[in-house]
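Scroll down for the structure; my scribbles are underneath it.
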Amino acid sequence: MSSKEPSKTIAIASDHGGYELKVELKKDLMDMGYTVLDLGSDSLESVDYPDFGYALAGAMKEGKAERGVLICGSGIGVSIAANRHAEIRAALVHDALGTRLSRQHNDANVVCFGGRTIGPEVARDCLKIFLETEFEKGGRHSRRVDKLSDPPKGK
C-alpha cells in the first residue's frame, strides 16, 4: 500500500452471481483484521451488477475505503462498471501472477473475481496477494498509471 498508514477498511460488493464468494471473502477479510464495508448484494436474488460496481466506486471516491473487491458471475461486468470511474483501476484476476502484476505494475485498487469462474481457494490466495503487494512506484509503471488518470481527449 502507500507509504502512509494503510486503510484497514476494504469495500466489497457483488451481484447475485458473486454473492456466495463475497460471503466467504468478507469473512476472510475480517479474519485478517480488516473492517469490511459491505455494499451488497445481500442474497442470491437477481440484481444488476452495474449498481454494485458504481456503489463501490462511489464509496472509494468518498474515501470510505482505500481498496475494493467486486464479484459478479464472470467478474467482467463489475470490472467494466467500476472502471468507468476515473479514480478506479479495477483488475479482473484469475491467478496469483495476474493479481501480483495488477498491483505492482498497474496499481490496481479494486480486485474483481468471477463467482462462477474462480474457486474460493484461488480467490482467497489472490485476495491476500492483492492486499499485500505494493505498487512499484517510479519509472515506466508510474508514468503509465498516470496516463490512465488523464487519457487523451478525442482519441
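Residues in the sequence shown are numbered consecutively from 9, following my numbering.
Where is the CB? At the ideal position from N, CA and C, for every residue including glycine.
Just so we're clear, the structure is a prediction, and the values are computed from it rather than from any experiment.
Host beta strand (DSSP E) of residue i (start-end)
i: Ser22; result: Thr17 to Ser22
i: Gly122; result: Val118 to Gly122
Proximity to residue i [Cα-Cα], best of the options
i: Val101; options: Glu95, Leu109 and Ser54; result: Leu109
i: Ile18; options: Leu33, Gly26 and Glu28; result: Leu33
i: Thr125; options: Leu45, Gly83 and Val118; result: Gly83
i: Asp46; options: Ser54, Phe121 and Lys72; result: Lys72
i: Ala116; options: Gly162, Gly147, Ser87 and Lys35; result: Ser87
i: Val44; options: Leu105, Arg132, Ser54 and Lys35; result: Lys35
i: Gly48; options: Met40, Ala67, Gly41 and Asp39; result: Ala67
i: Arg111; options: Ala131, Ile137 and Asp103; result: Ile137
Nonlocal neighbours in the same chain, by C-beta distance under 6 angstroms from residue i, ignoring five residues either side
i: Glu95; result: Lys69
i: Ile79; result: Ser22, Gly26, Leu29, Lys30, Phe121 and Gly123
Where residue i falls: helix, strand or coil (DSSP)
i: Leu47; result: coil
i: Ala99; result: strand
i: Leu78; result: strand
i: Phe143; result: coil
i: Ser157; result: helix
i: Lys30; result: helix
i: Arg92; result: coil
Close beta carbons around residue i, own chain, < 7 angstroms, minus the five adjacent residues each side
i: Ala89; result: Tyr57, Pro58, Gly61 and Tyr62
Host alpha helix (DSSP H) of residue i (start-end)
i: Lys69; result: Tyr57 to Lys69
i: Thr107; result: Ala104 to Gln112
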